[in-house]
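With my numbering, you'll find the sequence shown wraps up at 226, consecutive numbering, no jumps.
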Amino acid sequence: EEVTEGEEVERKEHLKTQWARLEAVVGTKARITLIARDLVKHFENRLAALDGKAMVVCMSRRICVELYHEIAKLRPAWAAEADGEGRMKIVMTGSATDPLDWQPHIRNKLRREALAQRFRDPGNPFQIAIVRDMWLTGFDAPSLHTLYVDKPMRGHGLMQAIARVNRVFKD
56 EEVTEGEEVE RKEHLKTQWA RLEAVVGTKA RITLIARDLV KHFENRLAAL DGKAMVVCMS
116 RRICVELYHE IAKLRPAWAA EADGEGRMKI VMTGSATDPL DWQPHIRNKL RREALAQRFR
176 DPGNPFQIAI VRDMWLTGFD APSLHTLYVD KPMRGHGLMQ AIARVNRVFK D
């Protein structure tokens, strides 16, 4: 919807079809596996130089879930079902009709707010937030120093996302 805002109905349908095709290419198993491997390597190197947190922006909720599972294969200790545990979490909304493997990542507003508090706390081990759209605007976590963007973004949305990490934390 964000991509097609302000477009006519026919043009919106065309853009949605293009977006679905792009999502299918971006979301291939092989590509997600490579992204997970590169992300883990880069983030561990980043943490060796500078303590902080990362946000991963994916193109779809499906890709968020699949990327989470690929990272968990590489670093099982980073994943945990309980909201109060684990180094990485997906932050997304959803419904009971979403696929079963998405359900552990779908949280109500109260649970998402608790995750936000964990993520904002520099001492909390929750270090990697995987999102599609959430937390890209109006969310402030000063210890957030790395942003991985794996979806087309432009204009105001891109500037808002960049602003999440464009700050100094600890001198």
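For every residue, glycine included, the Cβ atom is placed at its ideal position computed from N, Cα and C.
Please state whether DSSP places residue i in a helix, a strand or coil.
i      : result
Met189 : coil
Val80  : helix
Met110 : strand
Ala135 : coil
Ala184 : strand
Just curious, the beta strand (DSSP E) that residue i is in, first and last residue?
i      : result
His200 : Leu199 to Asp205
Grab the span of the alpha helix (DSSP H) containing residue i for me, first residue to last.
i      : result
Met143 : Looking at the DSSP string, Met143 is not in any alpha helix (DSSP H); the run it does join, the beta strand (DSSP E), is Met143 to Val146.
Phe174 : Lys164 to Arg175
Ala196 : Premise fails: Ala196 is in no alpha helix (DSSP H) and is neither H nor E.
Ser124 : Reading off the sequence, residue 124 comes out as His, not Ser. Start and end: Arg116 to Leu129.
Met214 : Gly210 to Ala218
Mind checking if residue i is an interface residue toward chain C, Cβ cutoff 9 Å exclusive?
i     : result
Ile90 : As a matter of chain content, chain C is missing from the structure shown, which is built from one protein chain.
Have a look at the options and flag the residue whose alpha-carbon is nearest the alpha-carbon of residue i.
i      : options                           : result
Met189 : Val146, Leu122, Trp74 and Arg66   : Val146
Tyr203 : Phe98, Asp195, Met214 and Ala171  : Phe98
Arg187 : Asp93, Ile118 and Lys71           : Ile118
Ser198 : Asp93, Gly107 and Ala85           : Gly107
Ile126 : Gln158, Phe174, Arg167 and Ile185 : Ile185
Gln215 : Leu89, Leu191 and Asp205          : Leu191
Spatial neighbours of residue i within its chain, please: C-beta separation below 7 Å, excluding the five flanking residues on both sides.
i      : result
Asp156 : Val120
Phe174 : Lys108, Phe181, Ala184 and Ala196
Could you pull out every residue in the same chain whose Cβ sits closer than 6 Å to the Cβ of residue i, ignoring the five residues on either side in sequence?
i      : result
Tyr123 : Ile145 and Ile185
Thr201 : Arg101 and Ala109
How about residue i: is its Cβ closer than 8 Å to a heavy atom in the ligand GTP?
i      : result
Phe174 : The ligand content of the structure shown is nil, which means the ligand GTP is not present either.
Below 8 Å CB to CB, which residues in the same chain sit around residue i once its five sequence neighbours on both sides are set aside?
i     : result
Ala91 : Leu122, Glu125, Ile126, Lys128 and Leu129
Cβ contact (3+ pairs, closer than 8 Å) linking the region 106-122 and the region 133-140: no
Should the region 80-90 be called in touch with the region 161-170, which here means at least 3 C-beta pairs below 8 Å? With a cut-off of 8 Å, the region 161-170 and the region 80-90 do not count as touching, because too few Cβ pairs lie within range.
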